[in-house]
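Peer 1: Numbering of the sequence shown is given in the numbering used here, commencing with residue 1 and proceeding in unit increments.
Glycine is no exception: its CB is placed at the ideal position from the N, C-alpha and C atoms.
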Amino acid sequence: MTKHKATALAHPNIAFIKYWGNQGSDWNLPFGNSISMNLDAFTTTTTVEFDYALTSDQLTLNGQPAQADALIRIQKFMDRFRQLTNFTLKANINSDNNFPTGAGIASSASGFAALALASYGASGLPYTEKDTSALARIGSGSASRSIPTGYTEWLQGTSHETSYSISIVPQNHWDLIDNLVLIDSKHKKTTSKQGHQIAKTSPLQQSRIETIQQRVDICKQAIIEKDFITLADISEADTLLMHAVMMSSNPALFYLAPETLSLIKFVRELRAEHIDAFYTIDAGANVHVITTTSSQAQTTAAIQQNFPNFEIRSSKTGGPARLF
Ligand code: DP6
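(1) Would a C-beta distance cut-off of 8 Å place residue 163 and residue 157 closer than the cut-off?
(2) Which residue's Cα is closest to the Cα of residue 111: 214, 305, 267, 43?
(3) If you draw a straight line from the alpha carbon of residue 230 to that of residue 104, how long is it in whole angstroms?
(4) Going by DSSP, what residues sit across from residue 224 in a beta bridge?
(5) Which of helix, strand or coil does DSSP assign to residue 127?
(6) Just grab the DSSP bridge partners of residue 5 for me.
(7) Could you check the C-alpha separation between residue 171 and residue 152 for me, to the nearest Å?
(8) How far does the alpha helix (DSSP H) with residue 69 in it extend, from its first residue to its last?
(9) My guess is that residue 17 and residue 212 are in contact by the Cβ rule of under 8 Å, so how many angstroms apart are they, rounded?
(10) Do residue 32 and residue 200 come within 8 Å of each other at the CB atom, strictly closer than that value?
(11) Could you compute how far the alpha carbon of residue 269 sits from the alpha carbon of residue 57?
(12) Quick check for students: name the residue ranges of the alpha helix (DSSP H) that lie wholly in the region 196–262, counting only runs of 4 or more.
(13) Could you spell out the range, first to last residue, of the beta strand (DSSP E) harbouring residue 91?
(14) Determine, using beta carbons only, whether residue 183 and residue 286 come nearer to each other than 8 Å.
(15) Could you check what DSSP says for residue 168 in three-state terms: helix, strand or coil?
(16) When the Cβ atoms of the region 257–275 are set against those of the region 194–210, are three or more pairs found closer than 8 Å?
(17) Taking 7 Å as the cut-off, is the beta-carbon of residue 196 closer than that to any non-hydrogen atom of ligand 1?
(18) Comparing C-alpha positions only, which one of 97, 91, 179, 85 sits nearest to residue 134?
(19) So is residue 47 buried or exposed if we call it buried at 16+ other beta carbons inside 10 Å?
(20) Would you mind working out which of 254, 3, 293 sits nearest residue 190, comparing C-alpha positions?
(21) Heavy atom of ligand 1 less than 7 Å from the Cβ of residue 151, yes or no?
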């Protein structure tokens, strides 16, 4: 009997130009391109084993049988994989994160990127990076960006086949560091999935969408040229636009905490003192402070001194999702 088993590793990513709002189906088709960098320090490792004897997909998460909601989400994803490939077997799935839940790092991007790659790998079917990235997108939009290496761009596309991510430059092009300042480790009350659905209720979303491509172009060029100040300005602007949309949605989504604002003001002051640091914030209160290798020690020391209660988790730029 053919062996249908593969293990894949993937990193989460942090976006500089954000994905917020989708076209409403469960295909996670966005309204614009987005850009991120993979995070080397954090990994999800997933083994998929297709088994003729199974009648439903099974999931073990961090050594424990998965809760019902996680299992249902994974089974829906695997059904899509089978639908797209005409592969029929059910799978035993084992997935481990090297970072704890509630550490401020969303596991859905690395989780679905690793699952997508392990599924294609285990199936024995031919596939490309593009196929894997598009498949990962179905599980979680941002997961599509965790498939290629380094700094990646998710191309909006108009269909499943055309909405996937590509690498702008590889991991070793620029050694930026993401320093995640942990303000709140609780689970967010409103999930990204719900947020993406109501983004269109904000009167600001339309103009955010109309101007995304300009920011994508500036961001991409800044990454290629390693122009830190331009990347800093465009990323901060894009984060604020996304949060403006969140806050003006119906119902209003307010993810920022008072400490988030104190910290972003502090980061702006650091940059005014010519220290290479900028902030970006996802759907939560935590602040990702991006630095260069040479500005990292000074930045984290200054944050630690002024905000002694917050833990900082740092990560270099990561590589692609890969099979073992
Ligand atoms: C704020 O990819 O987590 O982090 O597709 O519902 O899983 P789902 O959403 P997700 O949304 C990411 C939102 C964000 C911005 C970003 O990473 O681009």
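Peer 2: If we stick to the structure as given:
(1) Reading the sequence shown from its first residue, position 163 is the one you call residue 163. Reading the sequence shown from its first residue, position 157 is the one you call residue 157. Yes; because the gap between Cβ atoms is below 8 Å, this pair is in contact.
(2) Position 111 of the sequence shown holds residue 111. Comparing Cα-Cα distances from residue 111 to each of 214, 305, 267, 43, the minimum goes to 43.
(3) Taking the sequence shown and counting its residues from 1, the one referred to as residue 230 is at position 230. Taking the sequence shown and counting its residues from 1, the one referred to as residue 104 is at position 104. Taking the straight line joining both Cα atoms gives about 26 Å.
(4) As a working mapping, residue 224 is identified with position 224 in the sequence shown. In the DSSP output, where bridge partners are listed per residue, residue 224 has none listed.
(5) Counting from one through the sequence shown, the residue named residue 127 turns up at place 127. Here residue 127 sits in coil by DSSP.
(6) The residue given as residue 5 occupies position 5 in the sequence shown. Paired residue(s): 49.
(7) Indexing the sequence shown from 1 puts residue 171 at position 171. Indexing the sequence shown from 1 puts residue 152 at position 152. Near 10 Å, if we compare the C-alpha coordinates of residue 152 and residue 171.
(8) Taking the first residue of the sequence shown as 1, we reach residue 69 at position 69. Here the alpha helix (DSSP H) through residue 69 covers 68–85.
(9) Locating residue 17 in the sequence shown gives position 17, where the first residue counts as 1. Locating residue 212 in the sequence shown gives position 212, where the first residue counts as 1. Residue 17 to residue 212, Cβ: 7 Å. Contact.
(10) Taking the sequence shown and counting its residues from 1, one reaches residue 200 at position 200. Taking the sequence shown and counting its residues from 1, one reaches residue 32 at position 32. Their beta carbons are not under 8 Å apart, which means residue 200 does not touch residue 32 by this criterion.
(11) In the sequence shown, the residue the question calls residue 269 occupies position 269. In the sequence shown, the residue the question calls residue 57 occupies position 57. Those two C-alpha atoms are separated by around 51 Å.
(12) For the region 196–262, whole alpha helix (DSSP H) runs of length 4 or above, ordered along the chain, are 205–210, 212–225, 228–247.
(13) Counted from its first residue, the sequence shown places residue 91 at position 91. Where residue 91 is concerned, the enclosing beta strand (DSSP E) stretches over 90–97.
(14) For the purposes of this step, residue 183 is identified with residue 183 of the sequence shown, where counting begins at 1. For the purposes of this step, residue 286 is identified with residue 286 of the sequence shown, where counting begins at 1. For the 8 Å CB-CB criterion, residue 183 and residue 286 form a contact.
(15) Counting from one through the sequence shown, the residue named residue 168 turns up at place 168. In the structure shown, residue 168 sits in a strand (DSSP, three-state: E or B).
(16) no
(17) Numbered from its first residue, the sequence shown carries residue 196 at position 196. Checking every heavy atom of ligand 1 against the Cβ of residue 196, one is found closer than 7 Å.
(18) Position 134 of the sequence shown, counting from 1, holds the residue named residue 134. Taking only the C-alpha atoms, the option nearest residue 134 is 85.
(19) Here residue 47 is taken as the residue at index 47 of the sequence shown, counted from 1. With 16 or more other Cβ atoms within 10 Å, it is buried.
(20) Within the sequence shown, residue 190 is the residue found at index 190, counting from 1. Of the listed residues, the one whose Cα sits closest to residue 190 is 254.
(21) In the sequence shown, residue 151 corresponds to position 151, counting from 1. The answer is no for residue 151.
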